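First the structure, in the form of structure tokens, and then the observations on it.
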Amino acid sequence: MPPKRAPKGKLHELAVELPLKTIISDLTTKKQYCVGRQFATGGFGRIYTCNEVGSKTELVVKVEPYGNGPLFTEMNVFIRILKPDQIAEFMKSRKLKRLGVPPMISSGIYTHGQDKLRFLVMPKYAISLEAIREKSRTLPAPDVWTVARCMLESLEYIHGKNYTHADIKAANILLEGKGDFSSSVLVDFGLARLASSNEDKPDKKRAHNGTAIFTSCDAHRGCHPSYRGDLEILAYNMIYWLSGSLPWEDFEANPGKVYDMKEAFLKDLQSNLKKILKDNSESIAPLQEMFSIASKTGYTEQLNFPKLYKIVDEAFKRVSGGRRKRASEEPDDVEVKRTKTKPQEKASSSKGQVDLDEQQGSSEDVKDNRTPTSKAVRFRRKANPTSTSAVSRRQSPRVANSISSPATAQSPSHQQPARRKRRSLLVLIDWMYDVCGRIFVWFMSVRLIGDDGWEDTREEKNAGKCAAVGEEGEKSTLSARILK
């Protein structure tokens, strides 16, 4: 079961269920939306599929009673900082192709019978990170660091607008495409708060706000959500995704106990990380650095995002072997034969095919002018059309790694020189075959042309001899007549 927020003394009211094909209207934009099936229930609201009237694009609408606070807070966050033009401006300034925050589509108030409701329309995403995590309980390290990169970009945008999120967890992270961790989007701004007026004054009434096992020490103390608190929450989540557990997980119902255990954990951070992440040792040092940055940042100070990006990017390179492509997709060897391709050869790894194509790129000019013969040999094989390896090879750390566990089947580094030599040898052999073919064609053409020329020369010589004999005959006849 996914972790839940700490229980509160007073719960908000759950929204009334809306009938299928209910039409709700946004009075500001004059747009109407048709409500579809309910597919989830939030803490205090219901979540339905929907689509704008006249459009087939599937969206999501979150509905809560008018008197509830969380959706009211979230609507205000969307209106203030999540407008599409604001997001686009930030992406342009940072040269990003995507940003992990949901754009504002529509919001408003709807009356169903005697019930007054608030609604918020947002894009529909493929799957939640929690749904993926529940299947195997843990996530591969490269996927964890890819999600971390996305979350840092989301937090930089949110913090730049002077807001904090305060409830980062797998259930609040959605993926635009199944298995595409680089498309992670941070949602659910029900606990978000404007942090520009924060003061470090704990209040026991606010203590332990958020999801108990992930929330920050500032929240446990009763302070308002902080920028450094968001980083601390993200780090706890990353430990949970990598190891599948947290030392205080079983005490979730007792937030005070959880807080005490977190403080003890942070006091001896390095040794505790080594214990819990013994199967992910390469992630220990970067996580320790993230916790260090959170602890050294003042309560009201902004985070050092350039430094955090550097930590995350270097960690990703270490856990993924410095390759942008999945190691599990790489073949152990690449064999190229000058025979007809067999069915099992066609199913070989697309990674090897792409590498071979790249190594042969230097001889493309020669191949384009190759003279076809009956024994022509082609070393270049077509890449599998269903494979995404050629694309993922060039993707950013955000793109890489979304299909299978990258922690498996890494190619040993000592095999790389041998592979490069083998590929170079194949290119050389291919070039030699091409040159030999050209020489053979040239030789045959010269031979044929030479034979024709020799025939013409013989005929000319014979004609010359006949002419000479004729002239001598005429001269001898003339001499005989004179003598007579």
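Throughout the sequence shown, residue numbering follows full-length UniProt numbering, covering 1 to 484 in sequence. Built from N, CA and C at the ideal position, the CB exists for glycine as well. Small disclaimer: the values here were computed from a predicted structure and weren't measured.
### For Arg37, three-class secondary structure by DSSP
Position 37 of the sequence shown, counting from 1, holds the residue named residue 37. Note: Arg37 maps to strand in three-state DSSP.
### Query
Which value, in whole angstroms, describes the spacing of the CA atoms of Lys56 and Ser424?
Taking the sequence shown and counting its residues from 1, one reaches residue 56 at position 56. Taking the sequence shown and counting its residues from 1, one reaches residue 424 at position 424. Approximately 52 angstroms, taken between the alpha carbons.
#### Entry: Three-state secondary structure assigned by DSSP to Gln114
Within the sequence shown, residue 114 is the residue found at index 114, counting from 1. The answer is coil: DSSP assigns Gln114 none of H, G, I, E or B.
#### Entry: Distance between beta carbons of Val63 and Gly45, contact taken as under 8 angstroms
Taking the first residue of the sequence shown as position 1, residue 45 is located at position 45. Taking the first residue of the sequence shown as position 1, residue 63 is located at position 63. Indeed they touch by this definition, with Cβ atoms about 6 angstroms apart.
### Query
When the Cα of Val144 is compared with those of Pro103, Arg80, Leu234, which residue comes out closest?
The sequence position of residue 144 within the sequence shown is 144, counting from 1. Closest by alpha carbon: Leu234.
### Query
Can you tell me whether DSSP reads Phe44 as helix, strand or coil?
Within the sequence shown, the letter at position 44 stands for residue 44. Phe44 falls in the coil class under three-state DSSP.
### Query
Going by the beta-carbon positions, is the gap between Pro142 and Phe251 smaller than 8 angstroms?
Along the sequence shown, one-based indexing puts residue 142 at 142. Along the sequence shown, one-based indexing puts residue 251 at 251. No. Outside cutoff.
### Query
What are the start and end residues of each continuous alpha helix (DSSP H) run of 4 or more residues lying completely inside the segment 150-226, in chain order?
217-221
### Query
On the three-state DSSP scale, how would you describe Val60?
What you label residue 60 is simply residue 60 of the sequence shown in a count that begins at 1. Strand.
### Query
In terms of DSSP beta bridges, what is Asn51 paired with?
For the purposes of this step, residue 51 is taken as the residue at position 51 of the sequence shown. For Asn51, which the question treats as bridged, DSSP gives the partners Cys34, Glu58.
### Reduced DSSP secondary structure (H/G/I, E/B, other) of Gly298
Locating residue 298 in the sequence shown gives position 298, where the first residue counts as 1. In this structure, Gly298 counts as coil in the three-state DSSP scheme.
#### Entry: Alpha carbon of Ser25 to alpha carbon of Lys278, nearest angstrom
For this step, residue 25 is matched to residue 25 along the sequence shown. For this step, residue 278 is matched to residue 278 along the sequence shown. Straight-line Cα distance between these residues: approximately 54 angstroms.
### Query
Candidates Thr300, Pro247, Ala219, Phe90: which alpha carbon is nearest Lys205's?
Counting from 1 along the sequence shown, the entry for residue 205 is found at position 205. With distances taken between Cα atoms, Lys205 lies closest to Ala219.
#### Entry: Between the CA atoms of Glu89 and Gly113 - distance to the nearest angstrom
Position 113 of the sequence shown holds residue 113. Position 89 of the sequence shown holds residue 89. Going by the C-alpha atoms only, they are around 41 angstroms apart.
### Query
From Leu242, Asn304, Gln86, Asp188, pick the residue whose C-alpha is nearest to that of Met75; which is it?
Locating residue 75 in the sequence shown gives position 75, where the first residue counts as 1. Checking every option, the nearest Cα to that of Met75 belongs to Asp188.
### Task
Output the distance between the C-alpha atoms of Gly100 and Cys436, rounded to the nearest integer angstrom.
As a first step, residue 100 must be located in the sequence shown, where it is residue number 100. As a first step, residue 436 must be located in the sequence shown, where it is residue number 436. Roughly 56 angstroms between the two C-alpha positions.
### Query
Can the beta-carbon of Tyr125 be found closer than 8 angstroms to that of Leu59?
Here residue 125 corresponds to residue number 125 of the sequence shown, with the count starting at 1. Here residue 59 corresponds to residue number 59 of the sequence shown, with the count starting at 1. No; because the gap between Cβ atoms is not below 8 angstroms, this pair is not in contact.
### Query
Going by the CB atoms, is the gap between Phe181 and Leu120 shorter than 8 angstroms?
As a working mapping, residue 120 is identified with position 120 in the sequence shown. As a working mapping, residue 181 is identified with position 181 in the sequence shown. Not in contact: Leu120 and Phe181 (Cβ atoms no closer than 8 angstroms).
### Message
For a cutoff of 8 angstroms on Cβ pairs, would you count Lys307 as touching chain C?
### Response
The structure shown contains no chain C; it is built from a single protein chain.
### Query
Cα separation between Thr41 and Ile47?
Position 41 of the sequence shown holds residue 41. Position 47 of the sequence shown holds residue 47. Their Cα atoms are separated by approximately 6 angstroms.
### Query
So what's Pro123 in DSSP terms, helix, strand or just coil?
To locate residue 123, count along the sequence shown from 1; it is residue 123. In the structure shown, Pro123 sits in a strand (DSSP, three-state: E or B).
### Query
Would the beta-carbon of Pro202 fall within 8 angstroms of that of Gly229?
Walking along the sequence shown from the start, residue 202 turns up at place 202. Walking along the sequence shown from the start, residue 229 turns up at place 229. It is not a contact, given that the beta carbons lie outside the stated cut-off.
### Task
Report yes or no: do the segment 149-163 and the segment 262-280 share at least 3 C-beta pairs separated by less than 8 angstroms?
no
### Message
So Met104 and Leu71 are supposed to be a Cβ contact under 8 angstroms. How far apart are they, rounded?
### Response
Residue numbering aside, residue 104 sits at position 104 when the sequence shown is read from its first letter. Residue numbering aside, residue 71 sits at position 71 when the sequence shown is read from its first letter. Going by Cβ atoms, the distance from Met104 to Leu71 rounds to 14 angstroms, so no, they are not a contact pair.
### Query
What does a CB cutoff of less than 6 angstroms around Val276 pick up in its chain, not counting 5 residues either side in sequence?
By one-based count along the sequence shown, residue 276 stands at place 276. Reading off the sequence shown, one finds Ile at residue 276, where the question assumed Val. If we look at Ile276 and ignore the five residues flanking it on each side, its Cβ neighbours are Ser243.
### Query
Is DSSP giving Ile105 helix, strand or coil here?
By 1-based counting over the sequence shown, the position of residue 105 is 105. Note: Ile105 maps to coil in three-state DSSP.
### Task
Give the secondary structure of Ser283 by DSSP, where H, G and I count as helix, E and B as strand, and everything else as coil.
Your numbering for residue 283 matches position 283 in the sequence shown. Three-state result, Ser283: helix.
### 6 angstroms CB neighbourhood of Glu13 in its chain, flanking five on each side removed
Here the question's residue 13 lines up with position 13 in the sequence shown. Answer for Glu13: Pro65, listed in chain order.
### Query
Distance, Cα to Cα, Tyr259 vs Lys31?
Along the sequence shown, read from residue 1 onward, the residue named residue 259 stands at position 259. Along the sequence shown, read from residue 1 onward, the residue named residue 31 stands at position 31. Going by the C-alpha atoms only, they are around 47 angstroms apart.
### Task
Select from Leu426, Glu301, Ile429 the residue whose C-alpha is nearest the C-alpha of Ser197.
Taking the sequence shown and counting its residues from 1, the one referred to as residue 197 is at position 197. The residue with the shortest Cα to Cα distance from Ser197 is Glu301.
### Task
Could you check which residue in Leu117, Asn209, Met432, Cys150 has the C-alpha nearest to that of Lys97?
Walking along the sequence shown from the start, residue 97 turns up at place 97. Closest option to Lys97, Cα to Cα, is Cys150.
### Message
Could you give the first and the last residue of the continuous beta strand (DSSP E) run that contains Asp26?
### Response
For the purposes of this step, residue 26 is taken as the residue at position 26 of the sequence shown. Taken as a continuous stretch (DSSP letters only), the beta strand (DSSP E) holding Asp26 covers 23-26.
### Message
Under DSSP, the alpha helix (DSSP H) around Ala253 begins and ends at which residues?
### Response
Position 253 of the sequence shown, counted from the start, is the residue given in the question as residue 253. Element bounds for Ala253: n/a, residue is neither H nor E.
#### Entry: In DSSP terms, what Ser128 is bridged to
Along the sequence shown, read from residue 1 onward, the residue named residue 128 stands at position 128. Ser128 pairs with Leu174.
### Query
What are the partner residues of Pro65, as DSSP defines its beta bridges?
As a position in the sequence shown, residue 65 is number 65, starting the count at 1. Its beta-bridge partners are Leu117.
### 8 angstroms contact criterion, which Leu194 and Asn172 should meet: CB distance rounded
Counting from 1 along the sequence shown, the entry for residue 194 is found at position 194. Counting from 1 along the sequence shown, the entry for residue 172 is found at position 172. That belief does not hold up - the Cβ atoms of Leu194 and Asn172 are roughly 19 angstroms apart, past 8 angstroms.
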